[in-house]
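Counting in this note's numbering, the sequence shown runs from 1 upward without gaps.
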Amino acid sequence: MDNTENTDSMETMDNRTRLLQCANELFYEKGYDAVGVQEIVARAGLTKPTLYYYFGSKKGLLEALVAERFERLRGMYRELDTRSQRNDLRIEEALHWLADIFCGFFEQDRHFYMMMALFYSARGNEAYQTIQPYIVEFYDMVVRIFDRAANQLGNMNGRQRQFAIGFVGTISSYFLLHYEHDPAERENVDRQQISALVNQFMYGIFS
C-alpha cells in the first residue's frame, strides 16, 4: 500500500480499528513473534497505553483481530449452512458456493487469510493457541457440507474430513500461488479458475 494512501485511510479509522489494521499488516509481513507492541503503535501513530486500554496486551490484540475477522467468514457461511440443512442442495452446488465464499473472504482481507498460516506455529506459541480453535471451526464448516451430502456420495465411507482437507487445500493453494506469482494480478481472484478447480475436485471424489 502506498504510504500516502495508508496515512489517509488511517486518519478515517477510530483508534481501535487502526490498531487492528496495523497489527494485521505487521503480523502478515513479519509474523506474530517478530512484531512488538511499540512497532504496532508506531505504525498506527498511537501510544502503548492506547493499545493496552483496548486490548490489554499484544495477545489480546491478536485475539480480537482473529475473532472479528473470523466472524465475517461465519456470516458469509450461514446462508449456505442453513440451505444445506434442508438436504435440497447438491454437493456440486454447495462446493461452488463454498469456494465463492472463500474467494470473497480472501478478497476482503488477503493479509488475514494468509496470516492464518500462523496455525502451523509451534504448539506452545501464543499465535497457535489463539488461532487453532478457529482453524478447527473453519474445517468443521467444510466437513458439515460433506456430512450432509453423504447420501449423494456413495464412496464417502467416513472420509468427510479427508475430503474437507483436500478441498480447502486445493482452494487455499490457489490463493497462495495467485497472490505470490504476479503482484499486478493481486486485485482479483480468477473465479473461472476457481470454478475449474472445484470441478476437478468433484471429478476426483466421484470417480
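From the three backbone atoms N, C-alpha and C, an ideal C-beta is built for every residue, glycine too.
Keep in mind that this is a model prediction, so the values were computed, not measured.
The C-beta distance from residue 148 to residue 85 rounds to 7 Å, short enough to meet the 8 Å contact threshold.
Taking every protein chain shown into account, the CB of residue 176 has fewer than 16 other CB atoms within 10 angstroms, so this residue is exposed. Taking residue 37 as the centre and dropping the five residues before and after it, the same chain places the C-beta of 48, 51, 58 closer than 7 Å to its C-beta, in chain order.
Shortest Cα-Cα distance from residue 109 to any of 16, 204, 70, 190 involves 70. Proximity of the region 93-101 to the region 133-140 falls short of the contact definition, fewer than three beta-carbon pairs being nearer than 8 Å. When the beta-carbon positions are compared, residue 104 and residue 76 come within less than 8 Å of each other.
Leaving aside the five residues that flank residue 112 on each side, the residues in its chain whose CB is nearer than 7 Å to its CB run, in chain order, 24, 69.
Between the C-alpha atoms of residue 125 and residue 88 there is a straight-line separation of about 43 Å. Cα atoms of residue 193 and residue 56: separation of roughly 43 Å, rounded to the nearest angstrom. In its chain, beyond the 5 residues on either side, 66, 116, 118, 119 have a beta carbon closer than 7 Å to the beta carbon of residue 131. Closest in C-alpha terms to residue 78, from the list 21, 101, 167, comes 101.
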